[in-house]
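Right, one structure below, let's go through it.
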Amino acid sequence: MDNGEVESESSSDDEMPPLENSSDVEVAEPVDGVVLDTRCALSIQPKEDGDVEPREHISHTRCLDQGKVCNMILDGGSCTNVASTILVEKINLQTAKHPRPYKLQWLSHIGEVKVDKQVSVPFAIENYKDEVLRDVVLMEAGHILLGRPWQLDRKVTHKEYTNCLPFIYNETKITLTPLSQRQ
């Protein structure tokens, strides 16, 4: 053009291609159903503008544990994987002695608790099926907490804006999505 403007052949030339083929990603949304009893003692609500404080990047979801719907917390800031005593008792799980008992202080209103048992039990969130060794603790916030050990073992990344957790498991791309505010 004479006025110095440049005209492109197509506006589609300006569009960026997707970074990855999203059709091969398994999105594992929270399980629906009646949840085992717990008292909700941990709740992370976004601020009015939708942002969440960086340390508050905790995802809540639901899974199936031996056919029972359970509340699960995914927290990269936690130093352990935990199964609540409520879960262990309700579905009658066999525990083993912890090889290195220790004391933990974050998960209950009663203060410090001794961790001296472990349990390994399979769980599922849609098509994602896994089994994780967990310490058994009196926990009021949920049935299961998967902390930093699980995230490091599975090479999980945290998408801060969406609060989703993508990773590859058994050669399948998985993305765990959190519960919505209404769930």
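Positions in the sequence shown are counted from 1; adding 137 to them yields the numbering used here. Beta carbons are placed, not taken as given, at the ideal position from N, Cα and C, and that holds for glycine. On a predicted model such as this, the values are computed, not experimentally measured, just so you know.
Check	Outcome
8 Å CB neighbourhood of threonine 294 in its chain, flanking five on each side removed	Leu302, Pro303 and Phe304
Beta-bridge pairing of leucine 274 - partner residues as DSSP gives them	Reading the sequence as shown, one finds valine at residue 274 and not leucine. Looking at the DSSP assignment, valine 274 forms a beta bridge with Ser221.
Separation of asparagine 300 from glutamine 318, as counted between CA atoms	12 Å
Opening and closing residue of the beta strand (DSSP E) in which arginine 237 lies	233 to 241
Under the three-state DSSP convention, the category proline 303 falls into	strand
Cut-off 6 Å between Cβ atoms - residues of its own chain near glutamine 242, not counting five sequence neighbours on either side	Glu249
Spatial distance of cysteine 98 from arginine 291 (CA atoms)	The requested residue 98 is not part of the displayed model; the chain covers only 138 to 320.
8 Å Cβ shell around glutamate 306 - same chain, five flanking residues per side excluded	The amino acid at residue 306 is misidentified as glutamate; the sequence shows tyrosine. Tyr265, Asp267 and Arg291.
Alpha-carbon spacing of histidine 235 relative to glycine 279, whole angstroms	21 Å
Beta-carbon proximity of threonine 232 to proline 315, cut-off 9 Å	no
When Ile247, Val258 and Arg271 are compared against proline 286, the one with the closest alpha-carbon	Arg271
Boundaries (first-last residue) of the beta strand (DSSP E) holding aspartate 253	250 to 262
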